[in-house]
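To start, the structure under review is shown below, and the notes come after it.
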Amino acid sequence: MSGVGAALLTYGEQLAAAGAAQAGGAFTDLAPADELVKRSPEAFLLGVLFTQGIPAERAWAGSYLLGQRLGTLDLAYIASSPDAVAAAVAAPPALHRFVHTLPRWIVAAAGRLLSEYGGSASAVWPDGTHVLEVTRRLRDFDGIGEKKATMATEILVRHFGARLKGAECGSVAYDVQVRRVFLRSGLISEDTPRAVREAACLVAPNAPGTLDLAAWLVGRESCRPRAPRCDACRLGAVCPRLVGRNAEGVGPRRSQSSARKKSPESSLG
Ligand code: SF4
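Counting with the working numbering, you get residues -15 to 253 for the letters of the sequence shown.
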């Protein structure tokens, strides 16, 4: 295993051992929203819908702020109130960039939880379920694709202690932070989901998902799209520092204006 792989795996194992409280720190800086996501599986699942195209901290505050605006997060109310949900999401300041699609995802998710899971999001990931099955179930929700489903499954295991089978089949999300770190550290030389998945399997064959949060945090905290902080990076001593690589493509950096438009810095992509 490369030095980078070993260092990243060690970091991932440290995060996993730290447990739920410290694993990824707070989901969001808004304390009541963070508490809600950690306490309520339904708020977590709705939060996953928000995790796209906006900064992570803002996304994970979404469920709480939606509940504040609606006066409730009752699933039956949400499922039967598409206009109210749409208005709550879009009211300034809007809760998300996707003011048209996100409300539809939220309403559909509430309806699916009621019709298929007895109104309990934790029934999507009961103990003993295989990680691939949980990922598939999450993917069935409108607005949750492969990347978000993989990310959510890893969070369930790491942060919430879900006892799922098949850790060896877990993976890292094909996230812009992860991709940038994998590229610049030389774990991959091409920016494809397959390359990321295979590299994670080579580094951590027993539990590739162990690398997910570790790489994401390195990307967010040190391996920034512009001005990476290599000297402060926990991979700095072993990383080849291929900083000319970006998740938008291998090779010379794009112009700053292009990078600014294309690179969702500190966003969940
Ligand atoms: S910040 Fe520098 S040392 Fe750290 S992963 Fe990125 S390129 Fe490597």
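We put the beta carbon where it would ideally sit given N, CA and C, even for glycine. No experiment lies behind these values; they were computed from the predicted model shown.
Q: Anything with a beta carbon under 6 Å from a heavy atom of the ligand SF4 counts; list them all in chain order.
A: Val165, Arg168, Ser169, Val202, Ser206, Cys207, Pro212, Arg213, Cys214, Cys217, Leu219, Gly220, Cys223, Arg225 and Val227
**Q.** Outcome for His143 when other beta-carbon atoms lying within 10 angstroms are tallied against a minimum of 16
**A.** Here residue 143 refers to the residue found at position 159 of the sequence shown. With 16 or more Cβ atoms within 10 Å of its Cβ, His143 is classed as buried.
Q) Does the Cβ of Thr176 have 16 or more other Cβ atoms within 10 Å, making it buried, or fewer, making it exposed? A) Taking the first residue of the sequence shown as position 1, residue 176 is located at position 192. Counting Cβ neighbours within 10 Å, Thr176 comes out exposed, since fewer than 16 surround it.
Q: Specify, as a first and last residue, the run of the alpha helix (DSSP H) that Trp44 falls within.
A: Taking the sequence shown and counting its residues from 1, the one referred to as residue 44 is at position 60. Its alpha helix (DSSP H) spans residues Ala40 to Trp44.
Q. Ile139 lies in the alpha helix (DSSP H); which residues open and close that run?
A. To locate residue 139, count along the sequence shown from 1; it is residue 155. Per DSSP, Ile139 belongs to the alpha helix (DSSP H) from Glu130 to Arg142.
Q) If you draw a straight line from the alpha carbon of Asp67 to that of Thr12, how long is it in whole angstroms? A) For the purposes of this step, residue 67 is taken as residue 83 along the sequence shown, with counting starting at 1. For the purposes of this step, residue 12 is taken as residue 28 along the sequence shown, with counting starting at 1. Whole-angstrom Cα-Cα distance: 27 Å.
**Q.** From Ala221, Glu152 and Glu205, residue whose alpha carbon lies closest to that of Pro189
**A.** Residue mapping note: residue 189 aligns to position 205 of the sequence shown, counting from 1. Comparing Cα-Cα distances from Pro189 to each of Ala221, Glu152 and Glu205, the minimum goes to Glu152.
Q. Smallest Cα separation from Ala260: which of Leu97, Cys185 and Phe166?
A. The requested residue 260 is not part of the displayed model; the chain covers only -15 to 253.
(Q) Please report the straight-line C-alpha distance between Ala74 and Ala15, rounded to a whole angstrom. (A) The sequence position of residue 74 within the sequence shown is 90, counting from 1. The sequence position of residue 15 within the sequence shown is 31, counting from 1. So the two alpha carbons sit approximately 23 Å from each other.
Q: Report yes or no: is there a C-beta of chain D within less than 8 Å of the C-beta of Thr56?
A: Going by chain labels, chain D is absent from the structure shown, which holds only one protein chain.
(Q) Pop quiz: Ala136 and Leu(-1) are said to be a contact at Cβ under 8 Å. What is the actual Cβ separation, rounded to whole angstroms? (A) On the sequence shown, residue 136 is found 152 positions in, with the first residue counted as 1. On the sequence shown, residue -1 is found 15 positions in, with the first residue counted as 1. Actually they do not touch by this definition, with Cβ atoms about 17 Å apart.
Q.
For Asn190, list the residues DSSP reports as bridge partners.
A. Counting from 1 along the sequence shown, the entry for residue 190 is found at position 206. Looking at the DSSP assignment, Asn190 forms no beta bridge with any residue, so it has no partner.
Q: Report yes if the CB atom of Pro39 is closer than 8 Å to the CB atom of Ser104, and no otherwise.
A: The sequence position of residue 39 within the sequence shown is 55, counting from 1. The sequence position of residue 104 within the sequence shown is 120, counting from 1. Not a contact, by the Cβ cut-off of 8 Å.
**Q.** Sequence-distant residues of its chain with Cβ nearer than 8 Å to Ala157 (five each side left out)
**A.** Locating residue 157 in the sequence shown gives position 173, where the first residue counts as 1. If we look at Ala157 and ignore the five residues flanking it on each side, its Cβ neighbours are Lys131, Lys132, Thr134, Met135, Glu138, Asp196 and Trp200.
Q) For the putative contact between Val187 and Gly(-13), defined by C-beta atoms under 8 Å, what is the C-beta separation to the nearest angstrom? A) As a position in the sequence shown, residue 187 is number 203, starting the count at 1. As a position in the sequence shown, residue -13 is number 3, starting the count at 1. Actually they do not touch by this definition, with Cβ atoms about 11 Å apart.
**Q.** Cα-Cα separation, Arg213 to Gln161
**A.** Counting from 1 along the sequence shown, the entry for residue 213 is found at position 229. Counting from 1 along the sequence shown, the entry for residue 161 is found at position 177. Answer to the nearest angstrom: the Cα atoms are 14 Å apart.
Q. With a Cβ-Cβ cutoff of 8 Å, do Leu49 and Leu79 count as a contact?
A. The sequence position of residue 49 within the sequence shown is 65, counting from 1. The sequence position of residue 79 within the sequence shown is 95, counting from 1. Cβ atoms of Leu49 and Leu79: closer than 8 Å.
Q.
Measuring alpha carbon to alpha carbon, tell me which residue in Phe28, Ala92 and His114 is nearest Gly127.
A. Locating residue 127 in the sequence shown gives position 143, where the first residue counts as 1. With distances taken between Cα atoms, Gly127 lies closest to Ala92.
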